[in-house]
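So the mapping is simple: our numbering equals the position in the sequence shown, first residue as 1, plus 41.
Heads up, the beta-carbon is just placed ideally off N, CA and C, and yes, glycines get one too.
Report on the structure given below.
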Amino acid sequence: MTNTQLELKDVAVNVVAGHEVKTLLSNINLKLDQGDFATVIGTNGAGKSTMFNAIAGDLEITHGTIHIAGQRVDRESPEKRARLIARVFQDPKMGTAPRMTVAENLALASHRGERLGLKSRALRAQMARFKAITALAPNGLDEALNKPTEELSGGQRQALSLLMATMRNPELLMLDEHTAALDPHTSQAVMELTQRIVAENHLTCLMVTHQMDDALNYGNRLIVVDAGHIVADYSGDEKQQLSRADLLQYFA
Numbered sequence: 042m043t044n045t046q047l048e049l050k051d052v053a054v055n056v057v058a059g060h061e062v063k064t065l066l067s068n069i070n071l072k073l074d075q076g077d078f079a080t081v082i083g084t085n086g087a088g089k090s091t092m093f094n095a096i097a098g099d100l101e102i103t104h105g106t107i108h109i110a111g112q113r114v115d116r117e118s119p120e121k122r123a124r125l126i127a128r129v130f131q132d133p134k135m136g137t138a139p140r141m142t143v144a145e146n147l148a149l150a151s152h153r154g155e156r157l158g159l160k161s162r163a164l165r166a167q168m169a170r171f172k173a174i175t176a177l178a179p180n181g182l183d184e185a186l187n188k189p190t191e192e193l194s195g196g197q198r199q200a201l202s203l204l205m206a207t208m209r210n211p212e213l214l215m216l217d218e219h220t221a222a223l224d225p226h227t228s229q230a231v232m233e234l235t236q237r238i239v240a241e242n243h244l245t246c247l248m249v250t251h252q253m254d255d256a257l258n259y260g261n262r263l264i265v266v267d268a269g270h271i272v273a274d275y276s277g278d279e280k281q282q283l284s285r286a287d288l289l290q291y292f293a
């Protein structure tokens, strides 16, 4: 029996634009099971970011329901949903506190979803653990534990954001074009780290990307969004047989 981690049922998002009502999402139905890694593609304005923001609670849905790990969340605040969701954004600066060191950022992430009180950070006692975690990244992050995050490279900072987001095994990991701001070599390194973390921790992941190769090479599902609808959902052998040409037809 499968364990459904994410379910969107008949989700719609309408917004008022002037004197008209504009539909951004229309009757979205989507299920992700435990361990699913789904890549999401579509043209600009197709509804990818709208769907992400609706799931995270940054955008109120007009109709439908959203469940994460069996809990209905569409009536919950973004803060309450953050106990279930971890998100990495396109901008490497968005996931970290710039003046705090790498170790301090990791210490903060280790308490994600908890009510923070006035207690010692006990950084020294956690340094060995943090060094082991950052050693997963292939860019020397484990040698920069005492460095302010604002001094890191973009690739190091995005790797740190990813490690922070997954420290506590979220019920849903959402990656919002998290390699788009990186050069090709660094992007590949971050994607390989992403694949390793998702696979080893059996995380459920939804990843928006504009990189066709990444959409093809990573994950067990590939979802195409167009004009506020899910127009294709490939998995298994069907996904394995897809080519760049197959995907580019959706951008014609």
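Separation of I126 from I109, as counted between CA atoms:
For the purposes of this step, residue 109 is taken as residue 68 along the sequence shown, with counting starting at 1. For the purposes of this step, residue 126 is taken as residue 85 along the sequence shown, with counting starting at 1. The straight-line gap from Cα to Cα measures roughly 9 Å.
Range of the contiguous alpha helix (DSSP H) that encloses F130
Locating residue 130 in the sequence shown gives position 89, counting from the first residue. First-last for F130: undefined, no H or E at that position.
Give the DSSP bridge partners of L114, in chain order.
The count along the sequence shown starts at 1 and reaches residue 114 at position 73. Residue 114 is actually Val in this sequence, not Leu. V114 is not bridged to any residue.
Rounded C-alpha distance that separates Q252 from F171:
Reading the sequence shown from its first residue, position 211 is the one you call residue 252. Reading the sequence shown from its first residue, position 130 is the one you call residue 171. Annotation: Q252 to F171 spans about 31 Å, alpha carbon to alpha carbon.
Please classify K160 as buried or exposed, where buried requires at least 16 other C-beta atoms within 10 Å of its C-beta.
For the purposes of this step, residue 160 is identified with residue 119 of the sequence shown, where counting begins at 1. Legend: pLDDT at K160 = 49, less than 50; position of this residue unreliable, value from coordinates given subsequently. The residue in question, K160, is exposed, as its Cβ has fewer than 16 Cβ neighbours within 10 Å.
Which residue's Cα is closest to the Cα of A206: N180, T235, L193, A185?
As a working mapping, residue 206 is identified with position 165 in the sequence shown. If we check each option's Cα against that of A206, T235 comes out closest.
Residue of G136, A230, A144 minimising C-alpha distance to T175:
For this step, residue 175 is matched to residue 134 along the sequence shown. Per the Cα distances, A144.
Less than 6 Å separating the Cβ of F292 from some heavy atom of the ligand ADP?
In terms of ligand content, the structure shown is empty, and the ligand ADP therefore cannot be addressed.
Who does A273 pair with in a DSSP beta bridge?
For the purposes of this step, residue 273 is taken as the residue at position 232 of the sequence shown. According to DSSP, A273 bridges with V265.
I need the DSSP call for N210, collapsed to helix, strand or coil.
In the sequence shown, residue 210 corresponds to position 169, counting from 1. Reduced to three states, the DSSP call for N210 is coil.
Where does P225 land, buried or exposed, given buried means 16+ other C-beta within 10 angstroms?
Mapped onto the sequence shown, residue 225 falls at position 184. Counting Cβ neighbours within 10 Å, P225 comes out exposed, since fewer than 16 surround it.
Same chain, Cβ closer than 8 Å to Q112, neighbours up to 5 away in sequence not counted
The sequence position of residue 112 within the sequence shown is 71, counting from 1. Excluding sequence neighbours, Q112 sits near L125.
Short Cβ contact (7 Å threshold) for Q199 with V231
Mapped onto the sequence shown, residue 199 falls at position 158. Mapped onto the sequence shown, residue 231 falls at position 190. Against a cut-off of 7 Å, the Cβ pair of V231 and Q199 comes out as a contact.
When the distance is taken between beta carbons, is T64 closer than 7 Å to G260?
Stepping through the sequence shown from its first residue, residue 260 is reached at position 219. Stepping through the sequence shown from its first residue, residue 64 is reached at position 23. Going by C-beta atoms, G260 is not nearer than 7 Å to T64.
What does a CB cutoff of less than 7 Å around L223 pick up in its chain, not counting 5 residues either side in sequence?
Numbered from 1 along the sequence shown, position 182 holds the residue referred to as residue 223. If we look at L223 and ignore the five residues flanking it on each side, its Cβ neighbours are G195, G196, Q199, V231.
Is it the case that the stretch 212 to 223 contacts the stretch 126 to 136, given that we only count it when at least three CB pairs across the two stretches are under 8 Å?
yes
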